[in-house]
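Enquirer: Dumping the structure here so I can ask a few things about it.
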């Protein structure tokens, strides 16, 4: 099961992920992130406190968001990364790409 919700605050937004983010869910997440981009949001926080699984399609969405936030002189940070997700970011060296808190 996967769900997410977004909290907007001026030019920033926090995206809270819950459950298992896999290929079957990425289209919806990508669509919502594109809407954020188009509305002028350029600072994103991804809250991974309740994210227990992330596959390569989920990583692709994060990289897509990283690209457009950088193009708009914005930023992305990831907070509350769980012990299940951290190894994925370490092995792929994404821990050095994203601001992980």
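In the UniProt record's numbering, the protein residues as written are 1 to 101. Every residue gets a Cβ at the ideal spot worked out from N, C-alpha and C, and that includes glycine.
#1: Any heavy atom of the ligand GTP closer than 6 Å to the CB of residue 86?
#2: Alpha carbons only, please: which of 24, 72, 7, 85 is nearest the one belonging to residue 50?
#3: Report the residue from 82, 12, 101 whose alpha carbon sits nearest the alpha carbon of residue 54.
#4: Applying the criterion that 16 or more other CB atoms from any shown protein chain within 10 Å of the CB defines a buried residue, is residue 58 buried or exposed?
#5: Use the C-beta contact count for residue 44: other C-beta atoms within 10 angstroms, 16 or more gives buried, fewer gives exposed.
#6: So what does residue 78 bridge to, in DSSP terms?
#7: Quick one: measure Cβ to Cβ for residue 29 and residue 4, integer angstroms, because I've assumed they're closer than 8 Å.
#8: Within the continuous alpha helix (DSSP H) that includes residue 56, where are the two ends?
#9: In its own chain, which residues sit with a C-beta less than 6 Å from the C-beta of residue 2, not counting the 5 before and 5 after it?
#10: Count the other CB atoms within 10 Å of the CB of residue 15; is the residue buried (16 or more) or exposed (fewer)?
Expert: In brief:
#1: Here there are no bound small molecules, and the ligand GTP is not part of this structure.
#2: 85
#3: 82
#4: buried
#5: buried
#6: 46, 100
#7: 6 Å
#8: 56-71
#9: 19, 20, 21, 25
#10: buried
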